[in-house]
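Per our numbering: the sequence shown ends with 479, consecutive numbering throughout. No residue lacks a Cβ here, since even glycine has one placed at the ideal position from N, Cα and C. See below for the structure under consideration.
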Amino acid sequence: MRKLGLVLPIAIVLSACATSGRNFDESQVSNIRNGQTTKSEIEAWFGQPGSHSALNGTTNGAVLRYVYSYGYASHGGRRSTGKALVVDFNDKGIVVDNAYSEK
């Protein structure tokens, strides 16, 4: 019973923190070049995306979109951070558009 008394407060404190997505190293974002950077390079720099989807009817020729995102909130959302990277590729696996944001 005493162990439960120690575990319960720790569990409550830990449950006040939440993460979403998988963290990624944003230091390579500035190296992304539309029309030059390949899907293989993006995967080497950032790993596998959190999600990906096929695109249809885009004006820039994009056929595939990778999304990397990560968020962290603690103590009822009083402290929160987040970042997101969206990369669009053409049918040859070359980046045609990308956007990065952080909070």
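Rounded to whole angstroms, what's the CA-CA distance from N399 to G447? Just pull it up for me.
8 Å
Leaving aside the five residues before and after Q404 along the sequence, list all residues of the same chain whose C-beta is less than 8 Å from its C-beta, in chain order.
W421 and F422
Who are the Cβ neighbours of L412 in its own chain at under 8 Å, not counting the five residues just before and after it?
Here residue 412 turns out to be Gln, not Leu, going by the sequence shown. If we look at Q412 and ignore the five residues flanking it on each side, its Cβ neighbours are I470 and V471.
Ordered along the chain, which non-local residues of its own chain (more than five positions away) have a Cβ less than 7 Å from that of A430?
V439 and L440
Under a Cβ-count criterion, where at least 16 other Cβ atoms within 10 Å of its own Cβ denotes burial, should D467 be classed as buried or exposed?
exposed
Leaving out five residues before and five after F465 in sequence, what residues of the same chain have Cβ atoms less than 7 Å from its Cβ?
K415, A438, V439, L440, V471 and V472
In chain order, what residues of the same chain lie with their CB nearer than 6 Å to the CB of L461, ignoring the 5 residues before and after it?
Y444 and Y476
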